[in-house]
Amino acid sequence: MTLEDTNEEEIEVNDQDVLEEDTPLSEIDQLREDLEQAVAARQRALADFANFQRRAAENETKSRERGIAEVVRNLVPVLDQFEMALDQEGASTDSILEGVSLVREELMRALGKNGVEAITPQLGEEFDPNRHEAMLQHPAEGVEAGHVSLIVKSGWTMGPLVLRPAQVAIAPSGGGD
Numbered sequence: 003m004t005l006e007d008t009n010e011e012e013i014e015v016n017d018q019d020v021l022e023e024d025t026p027l028s029e030i031d032q033l034r035e036d037l038e039q040a041v042a043a044r045q046r047a048l049a050d051f052a053n054f055q056r057r058a059a060e061n062e063t064k065s066r067e068r069g070i071a072e073v074v075r076n077l078v079p080v081l082d083q084f085e086m087a088l089d090q091e092g093a094s095t096d097s098i099l100e101g102v103s104l105v106r107e108e109l110m111r112a113l114g115k116n117g118v119e120a121i122t123p124q125l126g127e128e129f130d131p132n133r134h135e136a137m138l139q140h141p142a143e144g145v146e147a148g149h150v151s152l153i154v155k156s157g158w159t160m161g162p163l164v165l166r167p168a169q170v171a172i173a174p175s176g177g178g179d
């Protein structure tokens, strides 16, 4: 073996060592690239989520505004009825009452278009705490204890939601039976 042969063998061995040392560097480079891609993907996902939240908030606001506009659109004819009733000069009491009645009917139509309905309990009806609010006890002939004996105010619902329970009096125990 000559000096040249020994040097060539050492060079080959050194080349293999370099290759072995390069391998971890390429793995590190690959890991860095993977990390950069993951960070970029995370940033895109965060930006997408922020945009989604913004769009959802905008949609909610627009939906609320459209809902309010629809209610107001249905109430405008009621205001027209009030204007007509107030513009009548020298009207009799009967015609004023008739005008107020027409305004009430128009208002009930407008509320009905928006799914609002009156809760109108009947005398003697069983008290329902989901739809009635007991304001007082009031004896009434022929009304069982715990049943509606007087209607103070009607209640209102919108679909399954009770906007205001009907305010009622209930017959006390032992009274009016």
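Under my numbering, think of the first position of the sequence shown as 3, with each following residue one higher.
Even glycine gets a Cβ: it sits at the ideal position worked out from N, Cα and C.
Residue burial classification, residue i (beta-carbon count within 10 angstroms, cutoff 16)
i	result
V74	exposed
A52	exposed
A71	exposed
V105	buried
F54	exposed
D179	Residue placement at D179 cannot be trusted, given a pLDDT of 44 that sits under 50; what the coordinates show is reported in the next sentence. Its Cβ having fewer than 16 others within 10 Å, D179 is exposed.
Distance CB(residue i)-CB(residue j) smaller than 8 Å
i	j	result
S123	V145	One point to set straight first is that residue 123 is Pro, not Ser, in the sequence displayed. No, they are not a contact pair.
A173	S156	no
M160	V102	no
A112	N76	yes
A147	S175	yes
Inter-residue CB distance, residue i and residue j (contact presumed, cutoff 8 Å)
i	j	result
E108	P79	6 Å
V170	I153	6 Å
Identified DSSP bridge partners for residue i
i	result
Q124	Per DSSP, none; premise fails for Q124.
L163	M160
V73	Note: V73 sits in no beta bridge, so no partner.
L138	A171
I153	V170
For a minimum of 4 consecutive residues, which ranges assigned as the alpha helix (DSSP H) are wholly contained in the segment 79-121? 95-115
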